[in-house]
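First up is the structure itself, then whatever we jot down about it.
2 protein chains.
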Amino acid sequence: MEKSSCIHFCFISYLVLFIVVGSWYRSTNSSLPNSTLQTPWSTSKNRIFSNSKASSVLETQAQTSIDHSAEAPHHPLDPLTVQEINKVLKWSKGDALLPRKAQVLALLNGQSHVLTVDLDSSSITSHAINSSSGYPMLSVDDILAASKVPFSNAEFNKSIAARGVPSSDLICLPPSAGWFGPNEEGKRVVKVLCYSKESTPNFYMRPIEGLVMTVDLDTLEVLKFSDTGREIPIPKSTDTDYRYTAQTKEPQMEPLNPISIEQPKGPSFRVEDGHIVKWANWVFHLKADHRAGLVISRVMVRDSENGELRDVMYKGFASEFFVPYMDLDESWYFKSYMDAGEYGLGMSALPLVPLNDCPRHSYYMDGIFATPDGNPFVQPNMICLFERYAGDISWRHSEGLLTDFQIREARPKVTLVARMAASVGNYDYIFDWEFQTDGLINVKVGLSGMLMVKGSPYHQAPNQDAMSGPLISENLIGVVHDHFVTFHLDMDIDGANNSFVNVNLVKERSLPGESPRKSYLKAKRKIAKTEKDAQIKLKLYDPSRVSYD
Amino acid sequence: MEKSSCIHFCFISYLVLFIVVGSWYRSTNSSLPNSTLQTPWSTSKNRIFSNSKASSVLETQAQTSIDHSAEAPHHPLDPLTVQEINKVLKWSKGDALLPRKAQVLALLNGQSHVLTVDLDSSSITSHAINSSSGYPMLSVDDILAASKVPFSNAEFNKSIAARGVPSSDLICLPPSAGWFGPNEEGKRVVKVLCYSKESTPNFYMRPIEGLVMTVDLDTLEVLKFSDTGREIPIPKSTDTDYRYTAQTKEPQMEPLNPISIEQPKGPSFRVEDGHIVKWANWVFHLKADHRAGLVISRVMVRDSENGELRDVMYKGFASEFFVPYMDLDESWYFKSYMDAGEYGLGMSALPLVPLNDCPRHSYYMDGIFATPDGNPFVQPNMICLFERYAGDISWRHSEGLLTDFQIREARPKVTLVARMAASVGNYDYIFDWEFQTDGLINVKVGLSGMLMVKGSPYHQAPNQDAMSGPLISENLIGVVHDHFVTFHLDMDIDGANNSFVNVNLVKERSLPGESPRKSYLKAKRKIAKTEKDAQIKLKLYDPSRVSYD
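This is the structure we're talking about:
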């Protein structure tokens, strides 16, 4: 990756290319009728108001009297209107593209500038200035600058000398930014932690425990130095190198022959105009994104009866990956990563390795982002798209044992997967969006890479219950933590005016004499929400067919 | 399948070939130490006793004073002893086979005979007679005989004539056997239900609702005739035929190109002596079984450090598949299928279809069973064994964005699957035992086939909450039901003397000043059972390597 070095003049920018009406202005709860104004959820809203004894007549009127269908924007910062949103939904291939604009966030002398650039006229159409630099996503330049700060700090150099560690063996990195109390209010502050890379590329397993520097990202000053771990040895490097080329012992298993996915006639999907994916009964828009990594938009499935395309989802992406650690120590309490919002899942997605990360016949899509100084940057092979076949069966039925029908019907399960893998420090997150021909979309997240570990003075655990996680190796604690991944899923099932139906089964006792059954329990369906728009259809088989030569 | 017709002389037998000491005498909770006597769970048992205020001294002594290690059998029906079980566990290739015996269950004149046959000497070594026929598994002859009974019943013929259904359009079948009240005590009784196969092989969708005959399997008499559904139309056959060859409409999706699993050098597993499977770091015994379908025994995995084989599981199989329906009507209350114990998952497993049921390069294993008259019968291609690759990643890590290490390590996920599919009437159950190189065994059950539906007088649902399930099509109710699958998993992790460790996390409040963290919660590990034998080892990577040409 191209790195720019702008130390005094900190000009951090990122470009977010967007079709003017995107998800930025659209909350997940909003509803976008196609042409006439409708009020989804109005039934339940009205129910809430009629049940609310305290609601005044004025409030009730305010909720029902506004007609949004004809609203026009009056101010540059007004949210998108119903008519503007419909303009986008109605766009189809051949229509002129809507005006394309880019949003630029520039940090200059501790102030943040938010600019909107019209890309056709190359003019700035809006420019707002905030008096502080705020908390934008960490850029690669931010991280690299912070990671160099410790080496010019006298206390730091004294501390690592006391540990006998040469500075050339060290790698320092900041966990994602945070707010660490009123003393640091208004400042962009990160904590910087260090690891030894001596004899291993797996420095994550060799923390310099207890050594923490609090660094101001704008001034690159060390605001606070803390060292509580001088008595904790650096865990050994033995057997930590995970690379194949570094293995000296033969694996204790029989080798596996080469294996991949066989497609003698090639894959069945097409990618049109760089981003429109067409496969089986699915059509959707796929793109790489700086922050979310991978964004799926305008997902449609073909009706199995009449062949018409039906809306399924307006937009879906990973909105955050929050990873808090359950350790309260001075050097750990702040570890609550926001991997999407602070590092960017797209910025952390390195190229996928053909055959190892994705099977043969995969199609690779690049990511186009901006570097911290605003120049374009291409991340090659960032997304892969492939047909998945695992030897599984989507549907089968055999007859012949008890009836005269001799039937052996079986449909292999073939799906389409769009994949992206983000390497956020020690962790690798694999995001799979899998489309099934029966209409199901599976979103899968695989967690890989290394643990974030804590150094410990112990070779064997004296009291595991008293620690923040189990001792997983000598001098290493695997600190208990969570991975919360959240998704933005703006569903448009048959249009924006859809609703959930929640069916619960409850136990009910049968009446005396109601049935010869000896047990008294029967199940009763309870429908929690209106079933008005929902239809349950008998689906006997998956109509997809795979042929073999 | 070969069918014998023994109507008056009902000689129903089945052979269960077993190595003398099998799971038949071994409960899931028992423990089998390898040489010296050990008491697994003794710690927790002692804890229970010491905590129990009401336990007498006598009870406590009785639990701890028996030495099982030197016990010898004294009676032919004594359970296997520690020494006998160890004799089997210590058997290895090259040793003489232990004596092989078969158990035969024969029904004769309403009595059941249980015989043990020594296969080397061709002699009967035991013979017990019970005065009733009991409730053995339904044989194919039982089912076929019961399915013919209605057609010679006058009430039945009158009822179907009133419905205008020619008897040649009917298929009658019994749900699995049951006990239907004191009047039928001591009799082998089934209910027989009928369906119309006119214009479709999918007769399951065309129930003759409300028509039920209670049939004695020994005498083939109709004990009870019930018809409560004359006003319920037989649901239409339109669009119910699921066979590819019967489809008249083009599928509303783009066709899929051929796809399977590519293995230019063939699969990496071997099957030795017909049943021993060796793959990567796994070794196990695989066989077809009349009742359980598929049995996995003596599962061992190779230690990744020293290459020695370590015990994982003595035996694993599906022990039952219980499917109760939540409808109390006279014609439905008895539908509580026991698919394994009453039909037999193995007997219901028809041949797998290459490329549709299992991928290319699969190895197929036949099942050898006994027909109802005692003759051997071969079910070809009943089990398939294949290496599964779905394009997934077992482990990956990339470096290069923030450090100088340029690393792109990714290991494709390859597993071994043993599969069997049972077609129990309308339902198809797919059983997958999947072995991962990291030591995990996944047991997956796929449910396919058709719903068991109920006829309804309604085209549209008047009150769905009052019905036993949703109206899924005109005149068809999908009755709410459960599928409970239970497994016999006799685990021998590093021998029989193993235990579970249950680690729970509980929330705990931090003390004032304990941490600069603003939230007051921290996690604490609570170990519910003894961790004595358990070791958590740091596993950095999966050592399996796949090469590509």
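If you read the sequences in order, they're chains G and W.
Residues 1 to 549, numbered by the working numbering, are exactly what the first sequence covers, in order.
Residues 550 to 1098, numbered by the working numbering, are exactly what the second sequence covers, in order.
Quick reminder that beta carbons are idealized off the backbone N, C-alpha and C, glycines included.
Asked, Found
"C-beta atoms of Y314/G and S297/G nearer than 9 Å", "yes"
"CA-to-CA distance, H662/W to S268/G, given in whole angstroms", "60 Å"
"Proximal chain G residues relative to L902/W, where beta-carbon distance stays under 7 Å", "Note that residue 902/W corresponds to Val in the displayed sequence, not to Leu. Neighbours of V902/W on chain G, chain order: R408 and A410."
"Assigned secondary structure, K636/W (DSSP; H/G/I helix, E/B strand, else coil)", "helix"
"CB-CB length for M754/W against P699/W, believed under 8 Å", "The Cβ separation is near 20 Å, so there is no contact."
"Length of the line joining the Cα atoms of D432/G and L440/G", "13 Å"
"G144/G in three-state terms, based on DSSP", "The question names Gly, yet the displayed sequence has Leu at residue 144/G. The answer is helix: DSSP assigns L144/G an H, G or I state."
"In DSSP terms, what E799/W is bridged to", "BP columns for E799/W are empty, so no partner."
"Residues that DSSP places opposite V966/W in a beta bridge", "F935/W and E983/W"
"Below-9 Å beta-carbon distance, V480/G vs any chain W residue", "yes"
"Environment of E399/G [buried if 16+ CB atoms lie within 10 Å]", "buried"
"Simplified DSSP assignment, three categories, for T125/G", "strand"
"Under 7 Å from the C-beta of R388/G: neighbouring residues of chain W", "A939 and G940"
"Cα-Cα separation, L894/W to G94/G", "57 Å"
"Alpha helix (DSSP H) segments (min. 4 residues) lying fully within the segment 698-760 of chain W", "703-711"
"Within-9 Å CB hit, Q460/G to chain W", "no"
"S50/G burial status per 10 Å Cβ neighbour count (16 or more: buried)", "Residue placement at S50/G is flagged as unreliable, the pLDDT there being 29, under the threshold of 50; the coordinate-derived value follows with that caveat. The residue in question, S50/G, is exposed, as its Cβ has fewer than 16 Cβ neighbours within 10 Å."
"DSSP three-state assignment for T81/G, whether helix, strand or coil", "coil"
"Chain-ordered residues of the segment 681-693 of chain W with a beta carbon less than 9 Å from chain G", "V689, I692 and L693"
"Burial state of I783/W, where buried means 16 or more other Cβ atoms lie within 10 Å", "buried"
"Status (buried if at least 16 other CB within 10 Å, exposed otherwise) for G391/G", "buried"
"Cross-chain neighbours of Y333/G in chain B, by beta carbon under 8 Å", "Note that chain B does not occur in the displayed structure, where the protein chains are G and W."
"Min CB distance D977/W to chain G below 9 Å", "yes"
"Chain-ordered chain G contacts of I810/W [CB-CB under 9 Å]", "I259, S260, I261, E262, Y389, A390 and G391"
"Those residues which DSSP pairs with Q812/W across a bridge", "Beta-bridge pairing links Q812/W to no other residue."
"Distance CB(W831/W)-CB(R819/W) smaller than 9 Å", "no"
"C358/G at chain W interface by Cβ criterion, 9 Å", "yes"
"Short CB-CB distance (under 9 Å) between P512/G and chain W", "no"
"Cβ neighbour criterion (16 or more within 10 Å) applied to L385/G", "buried"
"Residue-chain proximity (Q985/W, chain G), Cβ-Cβ < 9 Å", "no"
"Status (buried if at least 16 other CB within 10 Å, exposed otherwise) for K639/W", "exposed"
"Beta-carbon proximity of L742/W to P756/W, cut-off 9 Å", "yes"
"Cα-Cα separation, V506/G to G513/G", "21 Å"
"Short CB-CB distance (under 9 Å) between K278/G and chain W", "yes"
"Closer than 7 Å at the beta carbon, the chain W residues around Y551/G", "The requested residue 551/G does not occur in the structure, where chain G is confined to residues 1 to 549."
"Within 7 Å of chain G by C-beta, residues of the segment 910-927 of chain W in sequence order", "none"
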